[in-house]
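Q:
In UniProt numbering, the protein residues as written are 1 to 1061.
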């Protein structure tokens, strides 16, 4: 905008022109500076802006202003839109004048008294207000509206008062997804997720417009603020779901709001930008159908990053200079009976001294050398004394000019030593000119001689004041020669050891910035001295307090701080102190140092590099005391930007905390691990959980149960499990154990996620609710299964169970989880109980034991049938040992043991195949066959068919005659063997038919049991089929139907059965 009257005319004429809004595509757009803003300003858009404002209040927990100085008087809202932000802010700052500017006067008329709205364009070179006018300037949601957001920040910087604050609120329009549910974006064609294309087209339209507009700015705001000149820049980033897909109730609510917001905005955001790219309105409408579908797609877990970036304009250089001068003056004060004048008195005396000096040297002619006004080295004009006459004597060096005098000046008189002398720092000094120049080696002598002379003079000093005097007399520049500063302090320490120098002198030396030179490592020397003399001795408290004060003021360089930390760790107990108390003191000292750094405005916790953090945490680790754990937690939280170091140390300190007895753990905090994880960023917290789990599984298996309980206390689990670090198995390795097998890494991650899922508020795990942990667990299982197929011959569940046992993990329902994912059917309680027992390595839940248990076998065989089948295939059922053991078990074993044998036969696939081939006869030697019946050796995978058939018949006979089995059980088992042979197309020999008759008829009659007609008829048919009717007549006499037989009644029964036939 132009200045002066043109600016006023432009402002006055706005009312008549800005309300003539143009209509395009059925939407209303702004008139003032028409075309500079591509989005509508109608009631529909204003309602959407108000809705978005309320949604962002939910995101920010109700907070409108993050950048707020004390009691702001003038606040500006750039691009105010509907004006809702200034209106709601007015109640928070009723004494402030709040102004909102926009291209359109669409804001309400009834507003709080301290709120005003103006039509203005912030892209103009000159604003309506002058520089340094506002206390706070807020800019929000201007993406795609400005040619240069950085240029706007420059103008904001110009119009803010020194110390004023700026706040920018912007969305990063690029959709993001953490769990892989959003399709990949293809730059060469349209995406399956149309919202990605919409945002990409906006970006391209901004580049093609005239002038070009910046669309993606949110992630650059912090950097631009720093480049413009703002300080204390802070960036807050929060995730805003595209729709209510999140399992977190708060994010789900925000997602519902944002879904409506995006659906309302899609059309208004699209017409003009896409028209710039050459699209027609019908093409835009068709495209928006896919956009709206993508916004409402709950299967895609997309979100937008919302940035709130704040910064502060630095105070002016003059104010900084005054503040710095005051700090130097305050730090230079002596502890007791200071003779330093106050600032006003010092200024008055300096002016009086200058005027007196100029009056004394000014003559009737010009000066030969104006430099004489400032004395030797150009600094003597800052040194002055007060004599009884109020000015220096004429013979003083101060009055010697370059013009030769007729006669040499008389020798300077010796002044009174007690006269106070002040230098430019306000400190009491001596006047070397009144004592004469010291006897320094002449020019041309080597440096070694001078160094020896200086050191000899300094060794004569016992106080800080005497040191200052020698330094002035010898003109020693300690800034250029910091070794002298270290020499002086070592010298004073040596006298302090002998009791000839008080600790207050050491403190005074460290307090003096002209003597204690940065880089001389005097603070390190002081700490080493204290550590060697007894760290708890009260005598050294003032000296250590000075070191802590130096840390608070940022006077200790990082490399010296690292050495100080190591020096404190080597501290010895004071004389008479019990050694076991020393660690408590060392930890307390570390705590004081850490807190001092936290209060420092120059070098805070966030500025500590990895070397310092490593050294400090290493020192705490070596102390091995529970008192160090809270301090270690503070360090880990403050240094989480150093991810690799922070992750490894977090693992170690959490492990140490888990090792403590319950009472000591409570002293360090019942939720110690949870506090650390909740303070970390999600990616770092995930890395810490994984690292700790792997470390414990390989080194501290007995602590895994405690770690399981601590994970149940974790906070913000949905954010924790959303990290991509869970799936980054191949590239991520634990810092302490880098050689963990890949499959074991995946099992440990699933175990940790399973534990975290129990801490969610979605109810018991057996409920089929959608959980935040489902996606990473499902993907890890898929990865495990793919690796298992290529690297192992075992099935998924068997391999998983073996891995759980190898790692020694407590039972956590991993097998149940795997079965749920594969079967997707509800499991019975018996199945769940058996699978849980199988996870526990101490429960002896081997497959052999499960196979022997009928309930366990029935519960697990649908899921482990391949494992059972593989196990049984390894048994050679035709070997003499097996046949002998099987027959003995059939004769003498109980029902449970015999059924185990039956399950073995039922699971033995090679046996079934062999039985089907038992019809093939063995060639008779008389046939002189040219080819052997079976040339290869027989194995468990290929048993001899005839030997297998013979084994089945022998078992049937043994079962029929077993005295440990009841007649009914014997009959049912023999009958099962008969059906087994028939089912697999094996020949049935007379032995099994007779065994069936013996068990089902003979034993029933001997035991006095009733044989049902159906059973009797069935047995008769089997015998008749196998051996013929003649054998039936020889073996059976029909019993009476429904009569319990005794030995004498057998004949009557048989005749009655014959009548029935």
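Backbone N, C-alpha and C fix where the C-beta goes; we use that ideal spot for every residue, glycine too.
Pull up the distance between the alpha-carbon of residue 591 and that of residue 484, whole angstroms please.
A: Counted from its first residue, the chain shown places residue 591 at position 591. Counted from its first residue, the chain shown places residue 484 at position 484. Distance between the alpha carbons of residue 591 and residue 484 is about 32 Å.
Q: Can you grab the Cα-Cα spacing for the pair residue 277 / residue 271, in whole Å?
A: Translated into positions along the chain shown, residue 277 becomes position 277. Translated into positions along the chain shown, residue 271 becomes position 271. Their Cα atoms are separated by approximately 10 Å.
Q: CB of residue 641 to nearest heavy atom of the ligand SAH: below 7 Å?
A: Among the components modelled here there is no ligand, and therefore nothing to report on the ligand SAH.
Q: Mind checking who residue 28 pairs with in its DSSP beta bridge?
A: Indexing the chain shown from 1 puts residue 28 at position 28. For residue 28, which the question treats as bridged, DSSP gives the partners 23.
Q: Counting only runs that start and end within the stretch 202 to 232, where is the alpha helix (DSSP H) found for 4 or more residues in a row?
A: Runs found: 221 to 228.
Q: Which residues does DSSP list as the beta-bridge partners of residue 312?
A: Taking the first residue of the chain shown as position 1, residue 312 is located at position 312. DSSP output for residue 312 lists 165, 231 as bridge partner(s).
Q: Need the endpoints of the alpha helix (DSSP H) that residue 975 sits in, please.
A: Working through the chain shown from its first residue, we reach residue 975 at position 975. Per DSSP, residue 975 belongs to the alpha helix (DSSP H) from 967 to 983.
Q: At the level of alpha carbons, what is the spacing between residue 502 and residue 696?
A: Counted from its first residue, the chain shown places residue 502 at position 502. Counted from its first residue, the chain shown places residue 696 at position 696. Approximately 53 Å between the Cα atoms of the pair.
Q: Of the choices 692, 964, 625, whose alpha-carbon is the least far from that of residue 664?
A: For the purposes of this step, residue 664 is taken as residue 664 along the chain shown, with counting starting at 1. Checked all of 692, 964, 625; the closest Cα to residue 664 is 625.
Q: Going by DSSP, name the residue or residues bridged to residue 140.
A: In the chain shown, the residue the question calls residue 140 occupies position 140. Bridge partners of residue 140: 169.
Q: Work out the CA separation of residue 621 and residue 699 for me, nearest whole Å.
A: Here residue 699 refers to the residue found at position 699 when the chain shown is read from its first residue. Here residue 621 refers to the residue found at position 621 when the chain shown is read from its first residue. When rounded, the distance between both Cα atoms is 17 Å.
Q: Can you tell me whether DSSP reads residue 306 as helix, strand or coil?
A: Here residue 306 refers to the residue found at position 306 when the chain shown is read from its first residue. Residue 306: strand per DSSP, three-state reduction.
Q: Please state the DSSP three-state secondary structure of residue 237.
A: Along the chain shown, one-based indexing puts residue 237 at 237. In the structure shown, residue 237 sits in a strand (DSSP, three-state: E or B).
Q: Quick check: the Cα distance between residue 112 and residue 749, rounded to an integer number of angstroms?
A: Taking the first residue of the chain shown as position 1, residue 112 is located at position 112. Taking the first residue of the chain shown as position 1, residue 749 is located at position 749. Going from the Cα of residue 112 to the Cα of residue 749 covers about 56 Å.
Q: With distances taken from CA atoms, which of 197, 157, 160 is nearest residue 176?
A: As a working mapping, residue 176 is identified with position 176 in the chain shown. Nearest C-alpha to residue 176: 197.
Q: Start and end of the alpha helix (DSSP H) containing residue 787?
A: In the chain shown, residue 787 corresponds to position 787, counting from 1. Residue 787 -> alpha helix (DSSP H) spans 774 to 791.
Q: Using 8 Å as the cut-off, can you tell me whether the stretch 102 to 120 makes contact with the stretch 57 to 73, which would need three or more C-beta pairs spanning the two stretches below that distance?
A: With the cut-off at 8 Å, the stretch 102 to 120 and the stretch 57 to 73 do not touch.
Q: Bridge partners for residue 942 per DSSP, in chain order?
A: What you label residue 942 is simply residue 942 of the chain shown in a count that begins at 1. The partner list for residue 942 (beta bridge, DSSP) reads 939.
Q: Within this structure, are the beta carbons of residue 816 and residue 827 separated by less than 8 Å?
A: Along the chain shown, one-based indexing puts residue 816 at 816. Along the chain shown, one-based indexing puts residue 827 at 827. Yes, Cβ-Cβ distance for residue 816 and residue 827 is below 8 Å.
Q: Does the stretch 155 to 165 come into contact with the stretch 127 to 144, if we say contact requires no fewer than three beta-carbon pairs (one atom in each stretch) closer than 8 Å?
A: With the cut-off at 8 Å, the stretch 155 to 165 and the stretch 127 to 144 touch.
Q: For the beta strand (DSSP E) containing residue 97, name the first residue and the last one.
A: Translated into positions along the chain shown, residue 97 becomes position 97. First-last of the beta strand (DSSP E) with residue 97: 97 to 102.
Q: State the beta-bridge partners of residue 176 as determined by DSSP.
A: Taking the first residue of the chain shown as position 1, residue 176 is located at position 176. For residue 176, which the question treats as bridged, DSSP gives the partners 303.
Q: Kindly indicate the opening and closing residues of the alpha helix (DSSP H) around residue 740.
A: For the purposes of this step, residue 740 is taken as residue 740 along the chain shown, with counting starting at 1. From DSSP, residue 740 is part of no alpha helix (DSSP H); its letter is neither H nor E.
Q: Taking all protein chains shown into account, do 16 or more other C-beta atoms lie within 10 angstroms of the C-beta of residue 490, making it buried, or fewer, making it exposed?
A: As a working note, residue 490 is residue 490 in the chain shown. Label assigned to residue 490: exposed.
Q: Which one or two residues does DSSP pair with residue 116 in a beta bridge?
A: Translated into the one-based positions of the chain shown, residue 116 becomes position 116. In DSSP, residue 116 forms a bridge with 99.
Q: Can you tell me whether DSSP reads residue 1004 as helix, strand or coil?
A: Locating residue 1004 in the chain shown gives position 1004, counting from the first residue. In the structure shown, residue 1004 sits in a helix (DSSP, three-state: H, G or I).
Q: From the DSSP output, in three-state form, read off residue 608 for me.
A: Here residue 608 refers to the residue found at position 608 when the chain shown is read from its first residue. Coil.
Q: State yes or no: is the C-beta of residue 213 within less than 8 Å of the C-beta of residue 268?
A: As a position in the chain shown, residue 213 is number 213, starting the count at 1. As a position in the chain shown, residue 268 is number 268, starting the count at 1. Against a cut-off of 8 Å, the Cβ pair of residue 268 and residue 213 comes out as no contact.
Q: Mind checking whether residue 894 and residue 1006 have CB atoms under 8 Å apart?
A: Along the chain shown, one-based indexing puts residue 894 at 894. Along the chain shown, one-based indexing puts residue 1006 at 1006. No.
Q: Is it buried or exposed, residue 951, if we count other Cβ atoms within 10 angstroms and call 16 or more buried?
A: As a working note, residue 951 is residue 951 in the chain shown. Its Cβ being crowded by 16 or more others within 10 Å, residue 951 is buried.
Q: Mapping the DSSP letters down to three states, classify residue 75 as helix, strand or coil.
A: Position 75 of the chain shown, counted from the first residue, corresponds to residue 75. Note: residue 75 maps to strand in three-state DSSP.
Q: Where does residue 160 fall in DSSP's three states?
A: As a position in the chain shown, residue 160 is number 160, starting the count at 1. Three-state result, residue 160: strand.
Q: Report the residue from 685, 219, 147 whose alpha carbon sits nearest the alpha carbon of residue 306.
A: On the chain shown, position 306 is the one that residue 306 refers to. Of 685, 219, 147, the residue nearest in Cα terms is 219.
Q: What is the DSSP secondary structure of residue 135, counted as helix, strand or coil?
A: Residue 135 sits at position 135 when you count from the first residue of the chain shown. Three-state DSSP puts residue 135 in a strand.
Q: What would DSSP say about residue 18, mapped onto helix, strand or coil?
A: Position 18 of the chain shown, counted from the start, is the residue given in the question as residue 18. Residue state, collapsed to three classes: coil.
Q: By how many angstroms is the C-alpha of residue 259 removed from the C-alpha of residue 203?
A: Reading the chain shown from its first residue, position 203 is the one you call residue 203. Reading the chain shown from its first residue, position 259 is the one you call residue 259. So the two alpha carbons sit approximately 21 Å from each other.
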